[in-house]
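Asks: Below is a structure I'd like to ask you about.
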Amino acid sequence: MMLSVQSDEHFMAEALREARRAADAGEVPVGAVVVSNGRIIARAHNMTETLNDATAHAEMLAITAAAGHIGGKYLDNCTLYVTLEPCPMCASALNLAQVSRVVWAADDPKRGFSLFSPTLLHPKTAVNKGLMAEKSSQLLVDFFKSRR
């Protein structure tokens, strides 16, 4: 029996699904999934309002869930898919977790970690950006437009 290998687009679509869950809950629509060996092992969305916790970003919650799933703190064989470029806090957590790869949709020109040099990610972490950026950006624009 052959296992189907999912594409980056499939996993980013799952992260977007999480972002929509965040929006439905009144949270900034950011979603994340962690993938290991072609399977989603963790999924999360922003919950800062729900939990009254400024650190409850989608990436932070996904890292915690993935570490619990694998039973260890290092995610060195994992890819994080997230709908918005991680902030410095999340990038630092991804560094400590030694995530192998980070794929994000929309850039965050105001608060994204890439504003900082040198990079906050682990030196071995591969980065891909811009995957499904328009869909993610539109979700954010629509969310904030509805709040005004």
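Take the sequence shown: its position 47, counted from the start at 1, is 46 in numbering that gives the first Met the number 0, and no numbers get skipped. Just so it is clear, CB atoms sit at the ideal spot from N, CA and C, and this is done for glycine as well.
1. For L2, which residues in the same chain have their Cβ closer than 6 Å to its Cβ, ignoring the five residues on either side in sequence?
2. Please identify the residue among D23, W103 and N94 whose C-alpha is closest to the C-alpha of R146.
3. So if DSSP puts R100 in a beta bridge, which residue, or which two residues, is it bridged to?
4. In three-state terms, what does DSSP make of H56?
5. Give the range of the beta strand (DSSP E) segment to which S136 is assigned.
6. Near M0, which residues of its chain fall below 6 Å by C-beta distance, leaving aside the five closest residues on each side in sequence?
7. Using the C-alpha atoms, what's the distance from M131 back to A31?
8. Which of the three DSSP states, helix, strand or coil, is assigned to A105?
9. Hey, does K123 have any beta-carbon neighbour from chain C nearer than 9 Å?
10. Measuring alpha carbon to alpha carbon, tell me which of K72, A57 and Q97 ends up nearest R16.
11. Quick one: residues in its chain with C-beta nearer than 7 Å to the C-beta of R110, no 5 flanking neighbours on either side, listed in chain order?
Replies: This is what the structure gives:
1. The pLDDT assigned to L2 is 45, lower than 50, so where the model puts this residue is not dependable; a value taken from the coordinates is nonetheless given after this. Around L2: no qualifying Cβ.
2. Nearest C-alpha to R146: D23.
3. T78 and A125.
4. It is coil, neither helix nor strand.
5. First-last for S136: A132 to R146, but that is the alpha helix (DSSP H), not the beta strand (DSSP E).
6. With a pLDDT of only 43 at M0, under 50, the local geometry of the prediction cannot be trusted, and the value read off the model is given with reservation. Once the five neighbours on either side are set aside, M0 has no close Cβ partner at all.
7. Rounded to the nearest angstrom, the two C-alpha atoms are 13 Å apart.
8. It is a strand residue.
9. Here chain C cannot be found, since the structure has a single protein chain.
10. For the residues K72, A57 and Q97, the minimum Cα distance to R16 belongs to A57.
11. Around R110, the same chain offers C86 as residues with beta carbons nearer than 7 Å, after the five sequence neighbours per side are excluded.
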